[in-house]
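Taking the numbering used here, I'd label the letters of the sequence shown as residues 1 to 169. Backbone N, C-alpha and C define an ideal beta-carbon position, used for all residues, glycine too. Treat the numbers as computed from the prediction; the structure is a model and nothing was measured.
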Amino acid sequence: MKNIKNNNYSFLTELSKICEQLLKTKDRIIVCVTGKSGVGKSTFGKYVRKNGFGKFSKYKISVIDDSVMSLDLFYLFNKRVRAKSKVRDELKPFFERLPNRKKIVFYVNTTPERRLSCSDLIINLVLKDEDERIVRLKKRGESICEAHFIDSANARKNISHEYFFEFQV
């Protein structure tokens with residue numbers, strides 16, 4: 001997915017409305033983005049981080065992708081914060097460094113249940129064509145193994161959430 005058009009993520013309008021509703025009662029919300037390897041989770045996270053969505057500008061959004069958070073400093077520079085963990089830490093190392101202006105945190109991971117026990121929203125990205133996903137993985141230079149076929153439904157089962165989206169890309 002090299003070329004991303006706004007209409008590819010048409011559910012962002014609905015997501016924006018739900019986020020607005022949740023932010024009336026909370027200071028900050030967590031949106032968990034999950035799916036199998038190669039479906040475009042990181043691409044989606046990058047799109048949201050650079051463009052924002054709905055009424056939310058990119059300055060109100062933070063994206064944590066594979067244990068790395070990109071922070072904008074003084075609206076000019078980006079700093080990458082890395083915090084790996086093998087235990088469920090509820091992303092605490094990131095929240096300690098997160099400015100108050102960041103109201104929406106997107107956590108992008110294939111297995112988010114390893115670090116999170118609850119999330120406000122879960123977005124499960126699904127690719128229509130499984131063969132295309134395999135081609136993407138090979139193009140990235142990854143050898144195909146059993147881990148790439150693990151079902152991402154565990155996030156829905158193991159993370160308590162208020163809303164769930166399943167979106168085909």
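One thing to note: Lys41 has its Cβ within 7 Å of the Cβ of Val108. Between Pro112 and Cys32, the C-beta spacing is below 7 Å. Taken through DSSP and simplified to helix, strand or coil, Val63 comes out as strand. Taking the Cα positions, Ser119 is about 6 Å away from Ser160. If the five residues before and after Lys60 are omitted, its C-beta is found closer than 8 Å to the C-beta atoms of Gly52, Arg101, Lys102, Lys103, Ile104, all from its own chain and listed in chain order. Counting only unbroken stretches of 4 or more residues, the alpha helix (DSSP H) elements lying wholly within the stretch 78–128 are 92–95, in sequence order.
When C-alpha distances from Lys128 are compared across Leu91, Tyr47, Ala83, Glu166, the shortest belongs to Glu166. For Thr34, the uninterrupted beta strand (DSSP E) segment begins and ends at 29–35. A straight line joining the alpha-carbon of Val39 with that of Asn124 spans about 10 Å. Judged by beta-carbon spacing, Gly45 lies within the 7 Å limit of Phe106, meaning their Cβ atoms are closer than that value.
Leu12 counts as buried, since no fewer than 16 other beta carbons sit within 10 angstroms of its beta carbon.
In the assembly as shown, Thr25 is an exposed residue. Its beta-carbon has fewer than 16 other beta-carbons within 10 Å. For Leu23, the uninterrupted alpha helix (DSSP H) run begins and ends at 12–23, by DSSP. Note on geometry: alpha-carbon atoms of Asn158 and Phe164 lie some 13 Å from one another.
In the DSSP assignment, Tyr163 forms a beta bridge with Leu121.
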